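So in the working numbering, spot 180 of the sequence shown is number 180, and the numbers just go up one at a time.
Glycine is no exception: its CB is placed at the ideal position from the N, C-alpha and C atoms.
Computed from a prediction, not measured in an experiment: that's the story for all the values here.
Everything on this sheet refers to the single structure shown next.
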Amino acid sequence: MLKKKPSAILNQDKNKENELIERLIENKDLAYETLVRQYSVRMYTTARRFFYTDDDAQECLQKAFIQVFKNISSFKKNSQLSTWLHRITVNEALMMLRQKKRQNTTSLEVFSQRYNEYGERTVFADELGNNLEDTLSNNIEVLFEKSEAKLSLSEIIYQLPEKYCNVILLRDIQEMNTKETAEILAVSEASVKTQLHRARLLLRAILEQEDRASIESNWKVN
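Structural data, given as structure tokens:
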């Protein structure tokens, strides 16, 4: 039995995808159920990486599907459906984060007095150490593992200024490249690089401060 060539399989998959899109646009029976069945797990996985709780991720997923149903007629067939769904999910996640009331804002206000817009300490800047660039180049998850901070990584990221929170989530958590991040945030690639650098600086500073506070607290108890 002859095996199908990869190109033939891809064409077959694309034809099935186009057929599903047509059924969605025409609002045919079971079309939406098929879409949910085929893509909900992937979209949920994307949403879950933005939120601390399953409830928030589920809410994001529901909102994303609503946007899909509203805008399916504008989908360009030369695009890939999974990519389009991913982008909608990410956009909904970012919108939800903007709408949420951030907690622990007092601590951020204190930090904002100690660090400038570049994430640099305004007093005792040399305390950041000599290996700053090496540390910043590390994945954020690795950076957090080295910290003794009691706050979860997600809680700290959500407290960052919006533009820094978004770029950290997209580049370091979602692992999108610079071009994809720039398209979603509607900024230049140079702006993404600058914001990411500043966001990492500020996040590192916050984690180090949490470390020092934890050590001082334990010292007092002992």
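Fill in: Residue of 77, 78 and 155 minimising C-alpha distance to residue 100
On the sequence shown, position 100 is the one that residue 100 refers to. Of 77, 78 and 155, the residue nearest in Cα terms is 155.
Worksheet entry | DSSP-derived helix/strand/coil call for residue 69 | Here residue 69 corresponds to residue number 69 of the sequence shown, with the count starting at 1. Helix.
Discussion item. Starting from residue 53, trace the alpha helix (DSSP H) in both directions and tell me its first and last residue.
Written reply: The residue you call residue 53 lines up with position 53 of the sequence shown. No alpha helix (DSSP H) holds residue 53; DSSP gives it neither H nor E.
Discussion item. Tell me the rounded alpha-carbon separation between residue 74 and residue 67.
Written reply: For the purposes of this step, residue 74 is taken as the residue at position 74 of the sequence shown. For the purposes of this step, residue 67 is taken as the residue at position 67 of the sequence shown. About 11 Å.
Discussion item. Can you tell me whether residue 112 is helix, strand or coil according to DSSP?
Written reply: Taking the first residue of the sequence shown as 1, we reach residue 112 at position 112. Here the model assigns residue 112 a pLDDT of 44, short of 50, so the residue's position is not dependable, and the following value carries that caveat. Correct three-state label for residue 112: helix.
Worksheet item: By Cβ distance, which residues of its chain are closer than 7 Å to residue 294, with the 5 residues on each side in sequence left out?
Response: Residue 294 lies beyond the residue range present for the chain, which begins at 1 and ends at 222; the question has no answer from this structure.
Practice prompt. Pick helix, strand or coil for residue 175, following the three-state DSSP scheme.
Written response: Here the question's residue 175 lines up with position 175 in the sequence shown. Residue 175: coil per DSSP, three-state reduction.
Worksheet item: Can you tell me where the alpha helix (DSSP H) with residue 163 in it begins and where it stops?
Response: Walking along the sequence shown from the start, residue 163 turns up at place 163. Run containing residue 163: 162 to 168, per the alpha helix (DSSP H) assignment.
Item to complete: Express the C-alpha separation of residue 153 and residue 205 in angstroms, rounding to a whole number.
Response: The sequence position of residue 205 within the sequence shown is 205, counting from 1. The sequence position of residue 153 within the sequence shown is 153, counting from 1. So the two alpha carbons sit approximately 13 Å from each other.
Item to complete: Please say whether residue 61 and residue 166 have beta carbons closer to each other than 8 Å?
Response: Numbered from 1 along the sequence shown, position 166 holds the residue referred to as residue 166. Numbered from 1 along the sequence shown, position 61 holds the residue referred to as residue 61. No. Outside cutoff.
Worksheet entry | Same chain, Cβ closer than 7 Å to residue 92, neighbours up to 5 away in sequence not counted | Here residue 92 refers to the residue found at position 92 when the sequence shown is read from its first residue. Taken in chain order, the residues that qualify are 60, 63, 64 and 67.
Fill in: DSSP three-state assignment for residue 159, whether helix, strand or coil
Translated into positions along the sequence shown, residue 159 becomes position 159. It is helical.
Discussion item. Tell me which residues share the same chain as residue 111 and place their Cβ nearer than 8 Å to its Cβ, disregarding the 5 neighbours each side in the sequence.
Written reply: Taking the sequence shown and counting its residues from 1, the one referred to as residue 111 is at position 111. Annotation note: pLDDT 43 at residue 111 (below 50); position unreliable, coordinate value reported separately. The residues are 202, 205, 206 and 209.
Worksheet item: residue 38 to residue 28, Cα distance in whole Å?
Response: Numbered from 1 along the sequence shown, position 38 holds the residue referred to as residue 38. Numbered from 1 along the sequence shown, position 28 holds the residue referred to as residue 28. One C-alpha to the other measures close to 16 Å.
Worksheet item: Which of the three DSSP states, helix, strand or coil, is assigned to residue 64?
Response: Counting from 1 along the sequence shown, the entry for residue 64 is found at position 64. Three-state DSSP puts residue 64 in a helix.
Worksheet item: Closest to residue 36 by CA distance: which of 80, 52 and 85 is it?
Response: The count along the sequence shown starts at 1 and reaches residue 36 at position 36. Measuring from the Cα of residue 36, the nearest candidate turns out to be 85.
Worksheet entry | Rounded distance between the beta-carbons of residue 189 and residue 182, thought under 8 Å | Position 182 of the sequence shown holds residue 182. Position 189 of the sequence shown holds residue 189. Their Cβ separation, rounded to whole angstroms, is 5 Å, which keeps residue 182 and residue 189 in contact under 8 Å.
Worksheet item: From residue 197 to residue 46, what distance separates their C-alpha atoms?
Response: Against the sequence shown, residue 197 aligns to sequence position 197. Against the sequence shown, residue 46 aligns to sequence position 46. Roughly 24 Å between the two C-alpha positions.
Practice prompt. Please name the residue in 162, 176 and 20 whose C-alpha comes closest to that of residue 98.
Written response: Residue mapping note: residue 98 aligns to position 98 of the sequence shown, counting from 1. Residue 98 has its Cα closest to that of 162, out of 162, 176 and 20.
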